[in-house]
Structure formats: structure tokens, C-alpha cells
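**Student:** Please read through the structure below; I'll follow up with questions.
Chains as they are written, first to last, in this note's numbering: chain A, 1 to 510; chain B, 511 to 793.
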């Protein structure tokens, strides 16, 4: 009997990439990308994985390729007749197989169209690569023929009314300009991007162009605007650090840290002293930039630091609030700073603060001075303070330090609840086994990042990234905190197996 | 893209600073100013307007007290909040708004302190012995006191912004005060480089303002009675002290001194903002 060969293990992406496809009938379809997939026209022969009806699309037009080592998707045009445009640029033929592989980022727009993109072909196809759109997203249509101006925002008087709090009350307006439209940013808080680029004041919008407002995607399609309306921000964080050095490159603190986290994840960061936990957190925050990229919802944090820094919040280990102010005044003031008066009424701000205080469980303390609060209550105020804005990622540096066991668990439950509202919460903790779901007895964390200091180069490496049970299996321990014993050096009471676990993790192709 | 405006943020921070100052018993700064000014005025007041030396010393002491009170108001105001500033800057705080709000609060606090200082000085010093330049010697002296206290408090904000911790700020403070005392030109005659440096000290321009209003150049030098021969000698040589051009009893001199104090205040405020920007450039 012939034994079957063992095949290489290629894990599926840890987050769900989707493709929003708008075919000739202008009906949006969301296709989940699952590893390598082919794309082409529906016909009677062998069919591709992603099918469209447009006649200008080839039967085997292109391919989406999943690169597991980078946890990233690439697109290749198979030298199709009409080619593929990505963000307005045509993919050129590279060799007989097709074009060069194009690495896709969230929001990248792929078009199969004629050369004059401003006058799209009636059968043109748009595909938007998404890391932030749900598979079951609801899409709406707005008939542009009925309006000379289309106002967009949260205000009730808008033609397209959004519930996303990241959108301003009167965020933008589309004004008809002959056959095209001009999109005007009404001085919104979070800006307007057109085909992946932020507009400065206004820009001409052609058919099949895509604008993004907050978390809302709006696509011009013939006489219609197609748009989704997500209520709260979703997020997807990709950490791609080649290295982080100090002392003019003489000392390397971190090396080869690559992982992806999706909204809803509650991530534990574990590591011994000197393994680079704080360095990693600073790199993700952009406070201490590393060689590499931090991609949040497809946008590079380092390249867009000024506009994106407020999307990643830090709940520091030690209180950074003025202790002689009340809880409510502290939150009102930060709301006044973060949410401009033009786009958020006082009532809306107060409502948001009330919601946050209720969510975090500090409503009863609203008139207390922060100085009067216990350690645990102060930590809750710090969390609430961060929640006032529309952060997508929260990094908490030892939120449970100095708390008793019951308060630690409660603190972690609050953070878990925040993550369940489509946020990413990353926590450095030295008591990870206290974060237990009271009902199921399972860990509250969904993912674990383990950093270990390699004895070979003295830098912190990724020794594991994955689920909690996987982590325990990987390190052959029963408790998360026992992982530290495995990787810590002997002089710190550990077994000194950091290099072994780093190698083991890399050998798994992770 | 549009952040909350500078004016909105300034308003938010002013309210916050005011609220917290009330809770932190900011009135103690006013009591403190009252005690200092009482000590200074009660000791120097009776000898003021008698001769050049005593009047000059009295104004020098008052100038020093004003600078001390002002710096003490704010020397720890920023440095104790560096971590908070870093966190808030990340959240969208405008450094310029934060500094402006602090300066506004100091302007208010210093106004109250100046009223107290001036009131106590009026009890012990007879400002009416001067003839007015602009409106009245009382008002001109009050404005000088206010400008000195306020400008010194902005100097304190600058030192606080540049310092990493309250300990560092408190260590730097005596050096700043010593420079102010030495460089004002009262204790020592300044020439060359030191004279140049004196132009950026509040003490020089404060002394010039007081001296100009009081017409210090018109006062005679004090000569001890037992030194009769010397007195005759001096009277024969010159009955008047060596004139200081900056003490000329002229409106232009007074306005120039005030303008310098305002300019130094503005400069210090700008440096404070730049220092905080640099400290938080990676946030």
C-alpha cells in the first residue's frame, strides 16, 4: 500500500479577509477569502472560485494568493485581456504567467475596466479587498438621480444618514458637477478618503470611485451609491516588526515579530523581563517606532501617525489622570478635546460618557475625585478615559497590578467586554490565570503573544502566537503563567528554553 | 480633517486648571504673596522716597519679591504633569492650547496677588510722592507689579516645561533667581556681555519701570553725617548720583520697560510650548 505523502502545513489566516465584489448589476457581494482563490467569468467550463458575470472579465482573470509567512494576500493578474487596475494603476505583465504579485491592504480597490477609468465600461467590475468588513454586512442603495446634492453624516437631515460615531454630524457632501460629482469634506473629524487617499477639502468623484467615511464604505455605481453602515468601529491590527534597535543600531531589542489581531480579540502579551514587552507596546503605539509596519485597518500607522495615533489607546500601568478632578469632569474634558463641538453636540457627548461609565461600572463614582478612588476604580477610570474616543485598539499595561484577585478578575472581565464590542484589547499581565470566565472556567483571553529573549542575539523574539489552549499545548503547561518558567533564564528561576521555543514556533511556519 | 479648535481646547484646559487649582487650595498662593509683600513693604517702606540708595534698594527688594512670588506660582505646574501631558497629547491635545490655558490662569492668579501686594505696599510706601507719567503713579506702579509677577510666573512655566521632574525644577529655580538678582544692575555695575544678558532679565526692566515712575535720578545719594568732609567733597563734585538713563522720568522709558517685560513673557511662553512639543514629539 502506498503511503500518502505528508503535506506542508499552511495555516489559514487568523483573521477573515473579504472581497467586496460589485459586478455589472451593481449588486454588492461579499466573498470571504480563504487561502488561494482564483477569479474569473462564469462560463460552462471549469469555474474559478470567485465568479462574476461581466463580459470584460476573463474566464481565468486573476488569482488571490495567501502568503502564510506574512499572513497577507497578494493578487496576480493572469495576463488577462483587459487587465486589472489596483487603486487606479494597471498591473503590468511581468512574465508569461502574469503580472507581479501585488500585496493587498485593507481598502485596496481592484477594477476590471477600460483604460479611461473616469468613463467606466458598463460591464466594469469593482472588487474591494477588506479586512474590516463583515461577511454579513448589510448594504444599502441611494439613487443619485433624485438629488443635486447628497449630504452624508450622522445628522438626521442627511440624505445618507450614518450611525457610525466615527462619522461627523455633517461629514461630507456630494455635489453634482455635470456627469460627475464633487465630494466635499465639511471639516469632518476623521476626514474623507477617495480611492484610498485622503482628500484635501474636495475632489472629483467619478463612476466606480470609492469613498470611505469613518468605517463606512460608499461606492459610486452608475446612478446609485452603494454603502454600508457599520455602527461601531471594527479593527484589524497587523504587527510586522523586522527589528527594533537602540543605541544607534548597536543593540537589538526585538526581532521578527509578526502577528495579526482582529477586532474582538482579547490578547495576552506574555514575556520575561527584557523580552521586549514594553518595547513591543511602544512600537505598536508608535511611541518608539520599529523597523517594520503597524497596519491598522489597512493603513500604516507609522506613515499616517498624526491622523492615526488616537486610534490606538494606552491604559498605562500608572495613573496619568489629574487626581484632584472628578471622574465625570475628567471624562467630559477629554470628550471636549477629542470630539469637536461642530460634529458632536454636548448632549451626544454626555450620552456617550454616561454609556461608557455604565459599561465600565463607574457611574456611581461620577462625582468622586479620582484621588478618593481605590486602585481598581482608578484603573476603570483610565479605561473609560480611553473609551471616550473611537479607539480601535486598547493596550493595557498591567491593568491588574496592585489589585486583589477578585478585582483582577473583574478588571479583566471589563476589558474582555470592551473587546467584544469589536475592539482589539491587548494586555500585559503577570497574573493571566486570574482572567477566567466565571461560567465556563475558561480563559478570557482569545489570543496569546509570547515574547522570549533569545540567548543568541539578546533580542526579544516571538516564541508563540495563537489561542490559549494552543499556547498551553505548545509550551506543555497547564497554566499560562507557567509559560514564563519555560522561557525564563535559569538565573530568573526558569528553565532557559527560550531558544527552543522560538525555534519550535518558527519551525511550524508561523 | 478637523480637530477640536485651539480656542475650544484652551477653554477646556482653563476650566480644568481653575477647577483643580480651587481644589488644591490655590488661595495659599495669595496668602503667600501677602506675607512676602508685608515683610518687604514693612521693612523698606518707611525709608522709601528719602534718597536714591534707600529708594533704589526698596524697589530692588520689591522687584525681587515680585519675581519670587511669580516663579513660585508656576514652577511645578507643568513638570508634575509630564506623563499626563504625554497621554493627552496622544489623545489630541494641542500643546499651544494647554500652555495658553496655563498662562491665562497665571494671569488671573497674578492679578489677585498683585492687588494684594500693591495694597500692602500702599500702606507702607507713599507712591504719591512721585509725579505721574501716564495716569497716576499708583496705577503705573500697580501695572509694573502685575507685569513683574505675571512675567515671572510665565518664566516659571518655562522652567517647569523644560524640567523633567518637580525636583529638577526646584533645583533650577534658585539659579534663575540669582541670575535675576545679579543681572538687574543694582548690585553690580554690568558691562559688556553681562550688560547684554541683563536685557533679558525681568529684574532690570522692573527696576527701570519703578525707577522711571519714581524719577529715581532726581534723588540725592545718601551720605552719612559723620563723614562730613566726604559729604562736602561729594557735594562739590556732584550732589547727584550717576544718572541711569533707564530711570529717566519719561513716558517712553516707562513704556519701553513694560514692552520688554511683555516681550520676555511672550518669548518664555513660546519656549514653553516648543519644549513640550519636543518632549512629546514621538507621542
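Don't be surprised by glycine CBs; every beta carbon is placed ideally from N, CA and C. Note that this is a predicted model, so its numbers are computed, not measured.
1. Out of B:674, B:641, B:643 and B:690, which has the shortest C-alpha to C-alpha gap to residue 665 of chain B?
2. Looking at chain A, which residues of the segment 591-611 of chain B have a Cβ within less than 8 Å of any of its Cβ atoms?
3. Beta-carbon separation of residue 263 of chain A and residue 304 of chain A under 8 Å?
4. Do we get a CB-CB distance below 8 Å when we pair residue 442 of chain A with the residues of chain B?
5. Taking the straight line between their C-alpha atoms, what separation do you get for residue 105 of chain A and residue 495 of chain A?
6. In chain A, which residues lie with their C-beta within 7 Å of the C-beta of residue 519 of chain B?
7. Quick check: the segment 557-564 of chain B against the segment 361-378 of chain A, are at least 3 beta-carbon pairs closer than 8 Å?
8. Of all Cβ atoms in chain A, is any one closer than 8 Å to the Cβ of residue 534 of chain B?
9. With C-beta atoms as the reference, is residue 668 of chain B less than 8 Å away from residue 790 of chain B?
10. Please confirm whether residue 397 of chain A has its beta-carbon closer than 8 Å to some beta-carbon of chain B.
11. On the DSSP bridge assignment, give the partners of residue 236 of chain A in chain order.
12. Below 8 Å, how does it come out for the segment 79-87 of chain A and the segment 51-67 of chain A: are there three or more Cβ pairs, yes or no?
13. Are the segment 602-613 of chain B and the segment 649-656 of chain B touching by the rule of at least three beta carbon pairs closer than 8 Å?
14. Go ahead and label residue 349 of chain A buried or exposed: buried means 16 or more other beta carbons lie within 10 angstroms of its beta carbon, across all protein chains shown.
15. On the three-state DSSP scale, how would you describe residue 46 of chain A?
16. Check whether the segment 491-505 of chain A and the segment 444-463 of chain A are in contact - that is, three or more C-beta pairs closer than 8 Å.
17. Are the CB atoms of residue 279 of chain A and residue 243 of chain A nearer to each other than 8 Å?
18. What residue range does the beta strand (DSSP E) around residue 114 of chain A cover?
19. Should the segment 613-622 of chain B be regarded as contacting the segment 635-648 of chain B, the criterion being three or more beta carbon pairs within less than 8 Å?
20. How about residue 315 of chain A and residue 370 of chain A: do their beta carbons lie closer than 8 Å?
21. Within 10 angstroms of its Cβ, does residue 399 of chain A collect 16 or more other Cβ (buried), or is it exposed?
22. Contact between the segment 280-293 of chain A and the segment 252-260 of chain A is defined here as three or more beta-carbon pairs at a separation below 8 Å; is this criterion met?
23. Please go through the same chain and pick out, in chain order, the residues whose beta-carbon is closer than 6 Å to the beta-carbon of residue 387 of chain A, but skip the five residues on each side of it.
24. Is residue 473 of chain A buried or exposed, if buried means 16 or more other CB atoms sit within 10 Å of its CB?
25. Would you tell me roughly how many angstroms separate the C-alpha atoms of residue 44 of chain A and residue 75 of chain A, rounded to the nearest one?
26. Could you check whether the Cβ of residue 329 of chain A sits closer than 8 Å to any Cβ belonging to chain B?
27. The beta strand (DSSP E) with residue 24 of chain A in it runs from where to where?
28. With respect to 7 Å, is the separation between the Cβ of residue 665 of chain B and the closest non-hydrogen atom of the ligand GDP below this value?
29. Would DSSP call residue 250 of chain A helix, strand or coil?
30. Could you tell me whether any Cβ in chain A is nearer than 8 Å to the Cβ of residue 530 of chain B?
31. CA-CA distance, residue 282 of chain A and residue 248 of chain A?
32. Alpha carbon to alpha carbon, how far is residue 205 of chain A from residue 574 of chain A? Give it in angstroms, no decimals.
33. To the nearest angstrom, report how far apart residue 109 of chain A and residue 103 of chain A are at their CA atoms.
34. Judging by CA-CA distance, which residue of A:215, A:430 and A:409 is the nearest neighbour of residue 439 of chain A?
35. For residue 577 of chain B and residue 632 of chain B, I'd like the C-alpha separation in whole angstroms.
36. Going by beta carbon distance, what residues of the same chain come within less than 6 Å of residue 175 of chain A, once the five residues before and after it are set aside?
**Tutor:** The structure says:
1. Your numbering for residue 665 of chain B matches position 155 in the second chain. Of the candidates B:674, B:641, B:643 and B:690, the one whose C-alpha sits nearest the C-alpha of residue 665 of chain B is B:690.
2. 591, 593, 594, 596, 597, 598, 600, 601, 602 and 603
3. Counting from one through the first chain, the residue named residue 263 of chain A turns up at place 263. Counting from one through the first chain, the residue named residue 304 of chain A turns up at place 304. Cβ atoms of residue 263 of chain A and residue 304 of chain A: not closer than 8 Å.
4. Position 442 of the first chain, counted from the first residue, corresponds to residue 442 of chain A. Answer no: the Cβ-Cβ gap between residue 442 of chain A and chain B never drops below 8 Å.
5. Reading the first chain from its first residue, position 105 is the one you call residue 105 of chain A. Reading the first chain from its first residue, position 495 is the one you call residue 495 of chain A. For residue 105 of chain A and residue 495 of chain A, the distance between alpha carbons rounds to 41 Å.
6. For the purposes of this step, residue 519 of chain B is taken as the residue at position 9 of the second chain. By Cβ distance, chain A contributes 337.
7. no
8. Translated into the one-based positions of the second chain, residue 534 of chain B becomes position 24. So, interface residue.
9. The residue given as residue 668 of chain B occupies position 158 in the second chain. The residue given as residue 790 of chain B occupies position 280 in the second chain. Taking 8 Å as the cut-off, the Cβ atoms of residue 668 of chain B and residue 790 of chain B do not count as close.
10. Start at 1 with the first residue of the first chain, and residue 397 of chain A comes out as number 397. The beta-carbon of residue 397 of chain A is placed no less than 8 Å from the nearest beta-carbon of chain B.
11. Start at 1 with the first residue of the first chain, and residue 236 of chain A comes out as number 236. The partner list for residue 236 of chain A (beta bridge, DSSP) reads A:262.
12. The segment 79-87 of chain A is in contact with the segment 51-67 of chain A.
13. no
14. As a working note, residue 349 of chain A is residue 349 in the first chain. Label assigned to residue 349 of chain A: buried.
15. Position 46 of the first chain, counted from the first residue, corresponds to residue 46 of chain A. Residue state, collapsed to three classes: coil.
16. Verdict: yes, contact present.
17. In the first chain, the residue the question calls residue 279 of chain A occupies position 279. In the first chain, the residue the question calls residue 243 of chain A occupies position 243. The answer is no: Cβ separation not under 8 Å.
18. By one-based count along the first chain, residue 114 of chain A stands at place 114. Element bounds for residue 114 of chain A: n/a, residue is neither H nor E.
19. no
20. Sequence index remark: in the first chain, residue 315 of chain A carries index 315 (1-based). Sequence index remark: in the first chain, residue 370 of chain A carries index 370 (1-based). No, these two residues do not count as a Cβ contact at 8 Å.
21. On the first chain, residue 399 of chain A is found 399 positions in, with the first residue counted as 1. With 16 or more Cβ atoms within 10 Å of its Cβ, residue 399 of chain A is classed as buried.
22. The segment 280-293 of chain A vs the segment 252-260 of chain A: in contact.
23. Within the first chain, residue 387 of chain A is the residue found at index 387, counting from 1. Excluding sequence neighbours, residue 387 of chain A sits near 356.
24. Here residue 473 of chain A refers to the residue found at position 473 of the first chain. Burial call: exposed.
25. Looking up residue 44 of chain A in the first chain gives position 44. Looking up residue 75 of chain A in the first chain gives position 75. Looking at the two C-alpha atoms, the distance is approximately 25 Å.
26. Reading the first chain from its first residue, position 329 is the one you call residue 329 of chain A. It does: the Cβ of residue 329 of chain A has a partner Cβ on chain B nearer than 8 Å.
27. By one-based count along the first chain, residue 24 of chain A stands at place 24. Where residue 24 of chain A is concerned, there is no enclosing beta strand (DSSP E), because DSSP gives it neither an H nor an E.
28. The ligand content of the structure shown is nil, which means the ligand GDP is not present either.
29. Residue numbering aside, residue 250 of chain A sits at position 250 when the first chain is read from its first letter. Three-state DSSP puts residue 250 of chain A in coil, outside helix and strand.
30. Position 20 of the second chain, counting from 1, holds the residue named residue 530 of chain B. Interface residue, yes.
31. Residue numbering aside, residue 282 of chain A sits at position 282 when the first chain is read from its first letter. Residue numbering aside, residue 248 of chain A sits at position 248 when the first chain is read from its first letter. Cα to Cα, the separation comes out at about 18 Å.
32. Chain A is shown only over 1 to 510; residue 574 of chain A falls outside these bounds and no answer can be derived.
33. Numbered from its first residue, the first chain carries residue 109 of chain A at position 109. Numbered from its first residue, the first chain carries residue 103 of chain A at position 103. So the two alpha carbons sit approximately 12 Å from each other.
34. Mapped onto the first chain, residue 439 of chain A falls at position 439. Closest option to residue 439 of chain A, Cα to Cα, is A:409.
35. For the purposes of this step, residue 577 of chain B is taken as residue 67 along the second chain, with counting starting at 1. For the purposes of this step, residue 632 of chain B is taken as residue 122 along the second chain, with counting starting at 1. A straight line joining the alpha-carbon of residue 577 of chain B with that of residue 632 of chain B spans about 19 Å.
36. Reading the first chain from its first residue, position 175 is the one you call residue 175 of chain A. Around residue 175 of chain A: 149 and 182.
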